[in-house]
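Participant:
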Amino acid sequence: MSEVIVITSGKGGVGKTTTTANLGAGLAIAGKRVALIDVDTGLRNLDLLLGLENRIMYDLIDVTEGRQPYKKALVKHKKFSSLYLLPTSQVKDKSAVRPEQLIKLCEEMRPEFDYILIDCPAGIEQGFATAIAAADCAIVVTMPEISAVRDADKIIGELGRADKNNIKLIVNRIRPQMVEKGDMLDMEDINDLLSIECIGQVPDDELVIKATNDGKPVITMEKSMAGQAYRNIVRRIFGEQVPFMTFPKEGFFGRLKKAFGL
Amino acid sequence: MSEEIVKIKGSKSGLKLDFAQGADFASIERDIRGKLESGSGFFTRGTVIQVSPSALRKGDRDRLKKLFSQHGVLFRTTDPLQELKAREKKQAEKQKAVEKKHEEEVQQMVVVNRTLRGGQEIRTDSSVLICGNVNPGAQIIAGGSIDVRGTCRGVVHAGANGNTQAFIVADKLMPMQIRIANLIARAPDDAAPEESDNAERAMIRDGQIVIESIKR
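So the protein lines, in turn, are chains A and B.
Residues 47 to 308, numbered by my numbering, are exactly what the first sequence covers, in order.
Residues 802 to 1017, numbered by my numbering, are exactly what the second sequence covers, in order.
1. Determine the contact status of A/Arg90 and A/Gln136, defining contact as a CB-CB distance below 9 Å.
2. Kindly list, in the order they appear in chain A, the residues whose Cβ is closer than 7 Å to that of B/Gly919.
3. Taking 9 Å as the threshold (beta carbon to beta carbon), is B/Pro976 in contact with chain A?
4. For A/Ile185 versus A/Lys214, is the C-beta distance shorter than 9 Å?
5. So, with DSSP's three-state summary, where would you put A/Ala180?
6. What does A/Leu163 touch in chain B if you count any residue whose Cβ is under 9 Å from its own?
7. Do we get a CB-CB distance below 9 Å when we pair A/Leu239 with the residues of chain B?
8. Check the DSSP bridge columns for B/Ile941 and list the partner residues they point to.
9. Just to confirm before moving on: does the CB-CB distance between A/Val121 and A/Pro133 stay below 9 Å?
10. Just to make sure I have the definition right: I need the residues of chain A whose C-beta is within less than 7 Å of the C-beta of B/Pro937. Which are they?
11. With the cut-off set at 9 Å, would you say A/Asp199 and B/Gly919 are in Cβ contact?
12. Please report how far the alpha carbon of B/Ala821 lies from the alpha carbon of B/Ile806, in whole angstroms.
13. What does A/Pro249 pair with, by DSSP beta-bridge criteria?
14. Just tell me which of B/Ser828, B/Arg862, B/Glu1001 has its CA closest to the CA of B/Lys1016.
15. What residues from chain A crowd round B/Asn934, counting only those whose CB sits closer than 9 Å?
16. Are A/Phe174 and A/Thr63 close, meaning C-beta to C-beta below 9 Å?
17. Rounding to the nearest angstrom, what Cα-Cα distance links A/Leu82 and A/Gly228 in this structure?
18. Can you list, in chain order, the residues of its chain with a C-beta nearer than 7 Å to that of B/Ile1005? Leave out the 5 residues immediately preceding and following it.
19. Could you pull the DSSP bridge partners for B/Gly811 from this structure?
20. Which residues in chain A sit within 9 Å of B/Thr965, going by Cβ to Cβ distance?
21. Assuming A/Lys117 is part of the alpha helix (DSSP H), what are its boundary residues?
22. With 16 as the cutoff for other CB atoms within 10 Å, does B/Cys932 come out buried or exposed?
23. Would you mind sorting B/Gln890 into buried or exposed? The rule is 16 or more other CB atoms within 10 Å of its CB.
24. Return no unless some Cβ of chain B is closer than 9 Å to the Cβ of A/Gly206.
25. On a CA-only basis, which of A/Ala168, A/Arg207, A/Ala177 is nearest A/Thr188? Give me that one, please.
26. Closer than 6 Å by C-beta to A/Leu231: which residues in its own chain qualify, once you throw out the five before and the five after it? Chain order, please.
27. Bridge partners for A/Cys244 per DSSP, in chain order?
28. Assuming A/Asp182 contacts A/Val85 (C-beta within less than 8 Å), just tell me the rounded distance between them.
29. Anyone know if the C-beta pair for A/Ile170 and A/Ile216 falls short of 9 Å?
30. May I ask you to report which of helix, strand or coil DSSP gives A/Pro122?
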């Protein structure tokens, strides 16, 4: 039974696309057949993160307009054989795809895939409405920052209005040292406000930026903290109970002090 | 004079005039004029005079009215008994309407069984019960009172139609703004609001919004 998951956030720049790419890769590594649909028409990025830009032949608009079958537009990932990307157009805008078209497409794709992940654009306008239309459940990505949390709250409300009540939360770009000092919202503050199930706490990791630029999802990097967090999220999607990572409490100087026995 | 042409009786709602059987209007008028001009103190200014509507013809009524008004006396052609009945009826109707309104108010209480998230709004003339939180960016504007069975962080306006008796109760009351009727209180700019273990109630006292802790 396939599952259509929309990855959304409201606010831009919190890591929707990064999350989509990493979860897609993680699910594919676990042997699942995964399709990623980029719905951020006009501002497509998902292909970059996966390093697939040069392989795009057709796009989502070609499919929804009926010019090409979806199978022709799918781009197979070069490393993970069960991961496919359906890129969107970079020249059209959000009005190019209507919700019912995406619903129809997903219904068509369901038999072929275990998971269909939809990368939602930022905002709450038409692109958002289109992206969530076909979803069985939603993953809301936020950051420990007041505006991102507020926007997540709004998005959860909007999802509820659209009768999408299976909503999970991923908190991205956590900086443990700042949380420790009380300079950043901690998980308790966020859970208190959003009160939905959290399936991921991803630390801010420089390797994510490097991975993005290299077109290789960070989940494949063994040593990356963020990669580990994403691997845990994939296991939680499968229903496993995985405890949340504990981040090293003290910063560099703290560790240095400890090393010298101070 | 064996029989008075005009008899005056006191009643609950003023003086009532009775006319002798078969008396013609000319003599009635003469008699009344005489009484008025004698200054007996019977008809003080502002006295209400009532006459049964069947006793006089319309033209005659108008002439009497004019005559009385010259002496500052109100003249009405009504039956006090009927009037009393009418008044009772009216009162009963009013009472009924009040009861009905009260009933409607109770029925009209808006119950929201979920968390109100940012950007969501409840706008109603009645009272509101929220079984959930009111998150920042959410808004409730109620004609009546507001009860939040959870944490209230949004903007809440009770008594929006001017009802200063309206109040706001929440398990955790830490809203951006509290508005009751035409008064506004806002959260302090500095520091986190102090947390109270008890539920709190905001209401108007001595012309300003006060918050007190309550048990429930």
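The beta carbon of each residue, even a glycine, is placed where N, CA and C say it ideally should be.
Facilitator: Quick answer:
1. yes
2. Arg196, Asp199, Lys200, Gly203
3. no
4. yes
5. coil
6. Within chain B, no residue comes near A/Leu163; the closest Cβ sits about 24 Å away, beyond 9 Å.
7. yes
8. Residue pairing by DSSP places B/Ile941 opposite B/Ile923, B/Val957 in a beta bridge.
9. Yes, the pair counts as a contact, with Cβ atoms nearer than the cut-off.
10. Arg196
11. yes
12. 5 Å
13. A/Ile220
14. Among B/Ser828, B/Arg862, B/Glu1001, the Cα nearest to that of B/Lys1016 is on B/Glu1001.
15. Asp238, Leu239, Ser241
16. It is not a contact, given that the beta carbons lie outside the stated cut-off.
17. Straight-line Cα distance between these residues: approximately 37 Å.
18. Same-chain partners within the cutoff: Thr965, Ile981, Ala982, Leu984.
19. Looking at the DSSP assignment, B/Gly811 forms a beta bridge with B/Leu816.
20. Those do not exist, as B/Thr965 stays about 32 Å from chain A at its closest Cβ, beyond 9 Å.
21. Note, A/Lys117: alpha helix (DSSP H), 116-119.
22. exposed
23. Looking at the sequence provided, one finds Lys at residue 890 of chain B rather than Gln. Within 10 angstroms of the beta-carbon of B/Lys890 lie fewer than 16 other beta-carbons, which makes it exposed.
24. yes
25. A/Ala168
26. In the same chain as A/Leu231, and ignoring 5 residues on each side of it, the C-beta atoms closer than 6 Å to its own belong to Pro190, in chain order.
27. A/Leu215
28. Contact flag wrong, Cβ pair sits at about 16 Å.
29. no
30. Note that residue 122 of chain A is Lys in the sequence shown, not Pro. Three-state result, A/Lys122: strand.
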